[in-house]
Structures are given as C-alpha cells and as structure tokens.
Amino acid sequence: MFSNIKELIEESEKHPSVAEMMITTEMEQTGREREEVINIMERNLITMKYSIGEGLKGEKSITGLTGGDGKKMDEYIKSGKGLSGDIVLNSVRNAVAVNEVNAQMGLICATPTAGSAGTLPGVLFAAVEKLNLTHEQQVDFMFTAGAFGLAIANNATIAGAEGGCQAEVGSASALSSAALVIAAGGTALQASYAVALTLQNMLGLICDPVAGLVEIPCVHRNALGSSQAFISADMALAGIETAIPADEVVTTMYQVGKNLPSMYRETAEGGLATTPTGRRIMEEVFGVPASV
Numbered sequence: 009m010f011s012n013i014k015e016l017i018e019e020s021e022k023h024p025s026v027a028e029m030m031i032t033t034e035m036e037q038t039g040r041e042r043e044e045v046i047n048i049m050e051r052n053l054i055t056m057k058y059s060i061g062e063g064l065k066g067e068k069s070i071t072g073l074t075g076g077d078g079k080k081m082d083e084y085i086k087s088g089k090g091l092s093g094d095i096v097l098n099s100v101r102n103a104v105a106v107n108e109v110n111a112q113m114g115l116i117c118a119t120p121t122a123g124s125a126g127t128l129p130g131v132l133f134a135a136v137e138k139l140n141l142t143h144e145q146q147v148d149f150m151f152t153a154g155a156f157g158l159a160i161a162n163n164a165t166i167a168g169a170e171g172g173c174q175a176e177v178g179s180a181s182a183l184s185s186a187a188l189v190i191a192a193g194g195t196a197l198q199a200s201y202a203v204a205l206t207l208q209n210m211l212g213l214i215c216d217p218v219a220g221l222v223e224i225p226c227v228h229r230n231a232l233g234s235s236q237a238f239i240s241a242d243m244a245l246a247g248i249e250t251a252i253p254a255d256e257v258v259t260t261m262y263q264v265g266k267n268l269p270s271m272y273r274e275t276a277e278g279g280l281a282t283t284p285t286g287r288r289i290m291e292e293v294f295g296v297p298a299s300v
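Shown next as structure tokens:
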C-alpha cells in the first residue's frame with residue numbers, strides 16, 4: 009500500500025505497471041477478486057463513454073443555464089478552424105459534454121467528484137485514437153489515474169467545499185495528466201512531474217458556483233482541466249522536471265484550500281456567484297434575491 013506519490017512510485021516498481029499495482033491495492037483494501045475489481049472499472053469506463061455521447065446531443069439542463077456547448081465544440085472541431093489542435097479540442101469537447109450531462113441530472117462517473125467528472129473522460133477518450141489504446145489499456149488508464157488520485161486524496165482534499173476548485177478540477181486534471189504520461193510510455197516519476205505541473209498551475213482556483221449550482225463556471229472549468237492535463241503530460245514527457253516534488257505541491261494545494269475564505273469554497277457567496285449577472289441568475293432560478 010502507498011500513502012503518497014513518492015511511495016506510489018517506489019511501490020509501482022514491484023509491479024508490472026502502476027495499473028497492476030492499483031488493482032492489487034484495490035483487491036487488498038476491498039477483499040474483492042481481481043475479476044470483480046476490473047469489472048467495476050469497466051462499468052465506469054462504459055458510463056464515461058455513454059455520458060460523452062449523451063452530452064453531445066446538446067440538450068439543456070433543467071435550469072436552462074447550460075447545455076449545448078459540447079455540441080458546439082464538436083461542430084467547431086469538424087469545421088477545421090480549431091487553433092489548439094484536434095486532440096486538445098476533443099478533450100475539451102468531451103469534458104464539457106460530460107459535465108453538461110451532470111447538470112442535466114444524467115448518469116456520469118464522478119472522477120473524483122461530480123463537478124469535475126468531465127476531465128478524466130475528456131482526456132482519456134481524446135487520447136484513445138492518438139495512442140491507439142485498446143479496451144484493456146483504457147481500463148489500465150483509469151486504474152493509473154485512480155492510483156494518483158488516491159495519493160492526492162490521502163494527503164489533501166478533492167472537495168470544492170473544503171479546498172476550492174483547485175481541489176476538484178485541479179485534482180481531476182492532475183490524475184488525468186499522470187495517467188496520460190503512463191499511457192504514452194512515460195515513467196511513474198515523469199507522471200509525478202505532470203501531477204506537480206498541473207497542481208502548481210491551478211493553485212488557488214476558487215469554487216464559486218453561480219446560484220450554488222454545479223453549472224457556471226463548473227462545466228467550462230472541466231475544459232480547462234482536460235487541456236491542462238495534456239500540456240502537463242507533454243511537458244513531463246519532454247523531460248521537464250519540477251523543482252518542487254509532487255507530494256509537496258499536493259500539501260501546498262491543501263494548505264491553500266484551507267486558507268481560502270469560505271466565500272470561495274462552494275458557498276456561492278463570492279467570485280462569479282456575486283457578480284451582478286450571477287445575482288440575477290440566482291433570482292431567476294430560485295425566485296429569491298441572492299445574499300450579498
């Protein structure tokens with residue numbers, strides 16, 4: 009068992025891969041057989057793929073605040089006018105689509121939370137074609153992401169209410185970047201650099217849901233998380249290292265989150281939620297004036 013990223017790297021050397029290490033860890037922690045552990049992850053994978061498809065239908069949420077942006081991005085990609093490259097834009101499209109499904113109260117796989125559920129599938133399914141990932145490799149991708157996510161959760165927080173959006177989308181982006189590095193043939197150490205690069209670039213990201221709903225700006229922040237994951241992975245694979253070790257960055261993220269005023273931790277009492285437009289949306293959705 010590992011308790012942080014340093015131990016994860018060391019422990020993974022005793023196994024064929026980070027994914028196999030995580031499968032073994034899950035078996036030990038839950039008492040489940042290997043087949044059951046893998047079957048559960050496969051169901052998660054299917055759910056993620058399903059939610060992308062549902063999101064691309066372009067339906068609106070119950071409030072009408074979000075929905076259709078995933079479809080717009082899909083159409084933009086097909087136009088060939090994209091500036092960022094198709095693989096990054098595909099990840100953005102996928103991430104937005106999943107979180108639009110979440111806003112519709114549809115079926116998603118929280119990874120690590122519902123509010124950040126689009127980042128990992130956004131990255132994974134954008135990488136499938138580029139890396140020619142088989143079904144088994146896709147499942148391994150998720151186990152690898154789970155291992156790094158576990159290390160982050162053990163030493164910080166993944167809840168926006170406790171640590172701001174840096175803890176939700178930041179963590180989702182970090183674990184996605186780590187899995188991407190491994191899937192592309194990188195080492196666990198390089199994956200740790202991707203985690204550090206991601207989190208240090210997202211430190212201080214507040215959680216300020218307009219009207220208290222996981223829609224604005226949450227849906228679009230998953231786009232940020234998915235694109236950041238690709239950039240961090242490429243930097244790590246290029247041989248770029250971080251001066252501050254991943255575990256220290258994780259600890260810093262936790263400390264920053266703890267020091268964020270409560271208005272910036274999912275209370276809808278600060279940030280975009282308290283802009284004139286944010287207050288107006290609050291009144292329109294709930295029929296009551298937003299608190300100042």
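For reference, each letter of the sequence shown is one residue, going 9 to 300 in our numbering.
Virtual Cβ for every residue (Gly too), placed ideally from N, Cα, C.
For ARG40, DSSP records no beta bridge to any residue. Bounds of any alpha helix (DSSP H) do not take in PHE10, whose DSSP letter is neither H nor E.
In this structure, SER69 lies away from ALA196, with their beta-carbon atoms at least 8 angstroms apart. Close CB contacts of GLY212 within its chain, under the 8 angstroms cut and outside five residues either way in sequence, are with GLY172, GLN174, VAL264, LEU268 (chain order). Excluding its 5 nearest sequence neighbours in each direction, LEU141 has no C-beta neighbour in its own chain below 6 angstroms.
Annotated three-state conformation of CYS215 is strand, per DSSP. Taking 8 angstroms as the cut-off, the Cβ atoms of ALA186 and ALA153 count as close. Its chain contains GLY171, ALA175, TYR262, GLY265 as the residues whose beta carbon lies nearer than 7 angstroms to that of THR165, once the 5 sequence neighbours on both sides are disregarded; these appear in chain order. Less than 8 angstroms divides the Cβ of GLY123 from the Cβ of VAL222.
Counting along the chain, no alpha helix (DSSP H) covers GLY278, and no H or E run does either. Residue range 173-191 is occupied by the alpha helix (DSSP H) that includes LEU188.
In the DSSP secondary-structure assignment, ARG288 is not bridged to any residue.
Boundaries of the alpha helix (DSSP H) around ARG229: 226-245.
Boundaries of the alpha helix (DSSP H) around MET261: 254-267. Under DSSP, the beta-bridge partners assigned to ARG273 are CYS215. Its chain contains VAL189, ALA244 as the residues whose beta carbon lies nearer than 6 angstroms to that of GLN198, once the 5 sequence neighbours on both sides are disregarded; these appear in chain order.
Counting only residues of its own chain and dropping the five nearest sequence neighbours on each side, LEU132 has a CB closer than 6 angstroms to the CB of PHE149. Scanning its chain for C-beta atoms nearer than 8 angstroms, with the 5 sequence neighbours on each side dropped, one finds around LYS22 the residues MET29, in chain order.
In the pairwise beta carbon analysis, the region 95-106 is classified as touching the region 61-79: at least three pairs are separated by under 8 angstroms.
In the DSSP annotation of this structure, the continuous segment of the alpha helix (DSSP H) that includes MET81 starts and ends at 77-87.
Proximity to THR127 across THR206, SER181, PRO225 peaks at SER181, based on C-alpha coordinates. Going by C-alpha positions, ALA237 is about 20 angstroms away from ASN52.
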